[in-house]
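Let me begin by presenting the structure, written as structure tokens, before commenting on it.
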Amino acid sequence: MPKQTLGVEPVLEPPMLETPPDLGPPNLAENSPGSPDPEAPAATTAWTPDVVKMLISGLWTMLVAWRGPHWALTPEETDPLWEPTTITLNNTPGLKNFAPEHMAIAITVAGWGTIAAKRAGWDRELAQARQKSPRQSERAQQDSGGSPYGPNRMEG
0 MPKQTLGVEP VLEPPMLETP PDLGPPNLAE NSPGSPDPEA PAATTAWTPD
50 VVKMLISGLW TMLVAWRGPH WALTPEETDP LWEPTTITLN NTPGLKNFAP
100 EHMAIAITVA GWGTIAAKRA GWDRELAQAR QKSPRQSERA QQDSGGSPYG
150 PNRMEG
């Protein structure tokens, strides 16, 4: 039966069932979303030297941007370390399971962090340069006897 309210069209109530149907427990399919496929091979993700190199190089580049070019790595320094570092990461339980599928996040953070760090470094260098040398207008006043417009030629 419709309800009447002032100034509003009638609203119909949904029909009510006498007793709710007994649906029983939910029937979850074996391969429903969120449940692993029992026949699928176990995921085997492992660190590779290429992924380790990309990650560490990206993070190190951020450090170079902060500290200066003297922190830059050379292939002579790093090439012998990629394989042992990879083995170490694959043998360390907490890091082994963190593996490469999560590295996109680290690389993204390192990349944007490097860009921001480099610009912050430039800001710092500019601020230091401004503190060391007097401003151009101050130099002009010193050279011109105190006037920003130059020496007073009307004086004797």
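Just so you know, we're using numbering that gives the first Met the number 0 here: the sequence shown kicks off at 0 and counts up by one. Beta carbons are placed, not taken as given, at the ideal position from N, Cα and C, and that holds for glycine.
query                                                                                                                          : result
Which of helix, strand or coil DSSP assigns to asparagine 96                                                                   : coil
Per-residue burial, threonine 107 [other beta carbons within 10 Å of its own, 16 or more giving buried]                        : exposed
Alanine 64 and alanine 116 closer than 7 Å at C-beta                                                                           : yes
Valine 50 versus Ala109, Thr85, Ala128, residue with shortest Cα-Cα distance                                                   : Thr85
Local Cβ density within 10 Å of alanine 109, reported as buried at 16 or more and exposed below that                           : buried
7 Å Cβ cutoff met for methionine 112 and methionine 61                                                                         : Rather than methionine, the amino acid found at residue 112 in this sequence is glycine. Yes, the pair counts as a contact, with Cβ atoms nearer than the cut-off.
Delimiting residues of the alpha helix (DSSP H) encompassing proline 48                                                        : 48 to 66
Where the alpha helix (DSSP H) through tryptophan 81 begins and ends                                                           : 74 to 90
Alpha carbon of proline 48 to alpha carbon of glycine 23, nearest angstrom                                                     : 52 Å
Local Cβ density within 10 Å of leucine 125, reported as buried at 16 or more and exposed below that                           : exposed
Classification of leucine 94 by the beta-carbon crowding that lies within 10 angstroms, buried from 16 upward                  : exposed
Residues of its chain near tryptophan 70, where Cβ-Cβ distance is below 8 Å and the 5 sequence neighbours each way are ignored : Trp59, Leu62, Val63
The alpha helix (DSSP H) enclosing glutamate 12, as first and last residue numbers                                             : From DSSP, glutamate 12 is part of no alpha helix (DSSP H); its letter is neither H nor E.
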